Amino acid sequence: MKNITVVCPGSFDPVTKGHIDIIKRASQMFEKIIVVVMPNATKTPSFTVEERVDLLRRTAGAIENVEVDCYNGLLANYMRKKDASAIVKGLRAMSDFEYEFQMALTNKKLYPEADTFFLAANSENMYLSSSIVKLVGSMGGDISDFVPEEIYEDIKLRLSGKEDKK
Ligand code: ADP
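Under the numbering used here, think of the first position of the sequence shown as 121, with each following residue one higher.
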């Protein structure tokens, strides 16, 4: 598509195969993708922002035109700083829609130069969320179908609570 930079924002706590699918598809449509980890004050994180960035770099970061960053502030300000022209978001179900539509309109108001594109989730990932990964992983369930293989062990270890405590 166009020669533009787009951002894929999210909390990515942790990144799942659902996120990777959206990032991959966006990378085939736009010239440059910046995946930006944004701390979400309403959720209790399992991974620090730095850890989330590292997990994303080891997976999505392998795609040539994908860059991973983090930002603690308004997405509109970040986009202005990076001269980004659009936001790409995944939509799983109607339940995502109301919130995402509200965010898209707010971002348009704060930064009218940018539009939001929604990509429909792949049917296999419709039910998948970081919260589900955390829930299943914390109870010792198999999360190998939910997260990228390269980072599976790290995520499993963190969620199981069996890491060496210093
Ligand atoms: P989560 O809801 O998993 O905590 P994030 O806040 O990290 O997700 O979401 C970042 C973006 O990724 C949002 O646009 C969200 O709709 C999208 N997304 C999350 N999970 C999936 C999935 N399984 N398939 C497609 N898009 C997804």
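For glycine and all other residues, C-beta sits at the position ideal for the given N, C-alpha and C. On a predicted model such as this, the values are computed, not experimentally measured, just so you know.
To the nearest angstrom, how far is it from the Cα of residue i to the Cα of residue j?
i      : j      : result
ASP216 : LYS229 : 20 Å
ASN112 : SER249 : With the chain running from 121 to 286 in the structure shown, residue 112 is simply not present.
ALA213 : SER147 : 22 Å
VAL208 : ILE183 : 16 Å
ARG177 : ILE271 : 10 Å
ASN197 : GLU218 : 23 Å
VAL253 : GLU269 : 14 Å
ASN227 : ASN185 : 24 Å
LEU277 : GLN222 : 36 Å
VAL127 : ILE154 : 5 Å
Which residue or residues does DSSP assign as beta-bridge partners of residue i?
i      : result
GLY130 : VAL157
PHE237 : VAL208
THR125 : LYS152
Sorted by chain position, which residues of the same chain lie with C-beta nearer than 7 Å to residue i's C-beta, five sequence neighbours on each side aside?
i      : result
ASP203 : THR125
ASN245 : LYS137, GLY138, ASP141
PRO129 : VAL156, MET158, LEU195, ILE207
Once you ignore the five residues that flank residue i on each side, which residues in its own chain have a CB closer than 8 Å to its CB?
i      : result
VAL173 : VAL157, VAL188, ASP189, CYS190
SER131 : VAL157, MET158, PRO159, ASN160, LYS163, PRO165, ARG172, SER250
LEU175 : PHE132, PRO134, VAL135, PHE167, ILE271, ASP274, ILE275
Near residue i, which residues of its chain fall below 6 Å by C-beta distance, leaving aside the five closest residues on each side in sequence?
i      : result
ASP235 : ALA206
SER258 : LEU279
GLY181 : VAL188
> Where in the region 139–216 do unbroken runs of the alpha helix (DSSP H), each at least 4 residues long, occur, reported from the N-terminal end onward?
Replying inline: Runs found: 169–177, 195–202.
>> Quick check for students: name the residue ranges of the beta strand (DSSP E) that lie wholly in the region 225–279, counting only runs of 3 or more.
In response: Those beta strand (DSSP E) runs which fall completely within the region 225–279 and span 3+ residues are 235–240.
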